[in-house]
Amino acid sequence: MSMFEHAAAVTDLPAGTMHRVRIHGHDVLIANAGGAVLATDDTCTHEDASLSCGVLTGAIVRCPLHGATFDLRDGAPLDEPAEEPLRCHEVKVEDGAIFVRLREE
Ligand code: FES
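The opening residue of the sequence shown carries number 1 in the working numbering; numbering runs sequentially from there.
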């Protein structure tokens, strides 16, 4: 099982923002959805687009390339053209820092 890895400082992720971070060579999206920090794969499941370049509304991210939306709470695709869910990762916030543990494939 992988370990929790430092992803960002809490102050670098205000509510309503998201960033791409690299953990063990893997692109991870971290988002602050109204105070809840969520982490999923950053790459859209439709094609090769970085969701961190999309639009975050609450816990919903819209892909910048073709507009698919995903619920970051469970990774579920909400709109076509994406059909596959995003992989969600475990998050913990401790001492002002955000840590992410990658979920295995
Ligand atoms: S690459 Fe995301 S919807 Fe097409």
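Virtual Cβ for every residue (Gly too), placed ideally from N, Cα, C.
All of these numbers come straight from a predicted model, not from anything done at the bench.
Asked, Found
"To the nearest angstrom, how far is it from the Cα of residue 14 to the Cα of residue 30?", "11 Å"
"From residue 81 to residue 27, what distance separates their C-alpha atoms?", "21 Å"
"Would you kindly work out how many angstroms separate the C-alpha atoms of residue 103 and residue 24, rounded to a whole number?", "12 Å"
"So residue 3 is in the beta strand (DSSP E); what residue range does that whole segment cover?", "Careful: residue 3 lies outside any beta strand (DSSP E) and carries neither H nor E."
"Quick one: what's residue 77 bridged to in DSSP?", "70"
"Compute every distance between the C-beta of residue 44 and the non-hydrogen atoms of the ligand FES, then say whether any falls below 8 Å.", "yes"
"Nearer than 8 Å: is that true of the beta carbon of residue 119 relative to any heavy atom of the ligand FES?", "Not covered by the structure: residue 119. The range shown for the chain is 1 to 105."
"To the nearest whole angstrom, what separates the beta carbons of residue 41 and residue 86, a pair I think is in contact under 8 Å?", "5 Å"
"Nearest by alpha-carbon distance to residue 72: which of 84, 79 and 88 is it?", "88"
"With hydrogens ignored, establish whether the beta-carbon of residue 35 is closer than 8 Å to any heavy atom of the ligand FES.", "no"
"For a quick check, are the C-beta atoms of residue 106 and residue 54 less than 9 Å apart?", "Outside the displayed range of the chain (1 to 105) lies residue 106, so it cannot be described from this structure."
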